[in-house]
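What follows is a set of notes on a single structure, which appears directly below.
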Amino acid sequence: METNNRNLMFYENNTPVFEPYNKSKRHINKIINNLISDIENVVRYKLEKYFNNYHALLVAVLGETKSGTNWNVFLEYGTRDTVAIYLQNMGFSRHVSSILLKNYKDAFDIKDGKLISIDRKKLTNQLVSGSPEYDEVMMLL
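In structure tokens, the structure reads:
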């Protein structure tokens, strides 16, 4: 989507649409959605690459133990919570991982920032059947 000569160009059903920009809610929403998408997909990707390369240089110079944490992982997963990252590695979406840890933490045995176990029965009994959280738990656990 781009604005050029006060026209807004976007895609609907894979077809380019050109409309005169009129500051309508629809046009403003399209611009905001595009900006958020660029931040999420372009800027974050570039920062991930930068942090990953920087960490690789630190490892080469200082060694693995002295190079510190690779922030690339936090950018990739959208969190600094190592348990949320572990849940995402298990297959849970970022959204569901966040909800599970926020609202159902008592079903998780976490020690020193590490996930030890999940009480599947306790978790499924607390979740609403048919919710995205319930469906992902049933599929992955």
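Heads up: the sequence shown runs through residues -19 to 121, numbered per the working numbering.
Every residue gets a Cβ at the ideal spot worked out from N, C-alpha and C, and that includes glycine.
Judged by DSSP in its simplified three-state form, Leu121 adopts coil rather than helix or strand. For Lys94, no alpha helix (DSSP H) run applies; the uninterrupted beta strand (DSSP E) run containing it begins and ends at 94 to 98, by DSSP.
In the pairwise beta carbon analysis, the stretch 27 to 41 is classified as not touching the stretch 69 to 78: fewer than three pairs are separated by under 8 Å. Annotation for Glu28: the continuous alpha helix (DSSP H) segment containing it runs 24 to 42. Distance from the CA of Asp18 to the CA of Tyr114, rounded to the nearest whole angstrom, comes to 31 Å. If you draw a straight line from the Cα of Gly48 to the Cα of Thr(-5), it comes to about 47 Å.
Annotation: the continuous alpha helix (DSSP H) that includes Phe54 extends over 51 to 57.
Under the three-state reduction of DSSP output, Asn(-6) falls in the coil class, being neither helix nor strand. Asn52 is positioned such that its CB atom lies no closer than 8 Å to that of Glu20.
When DSSP states are grouped into helix, strand and coil, Leu(-12) belongs to the strand group. The DSSP-derived three-state label of Asp61 is coil. Per DSSP, reduced to three states, the secondary structure at Lys91 is strand.
Here Lys85 is actually not in contact with Thr62; their C-beta atoms are around 14 Å apart, not less than 8 Å.
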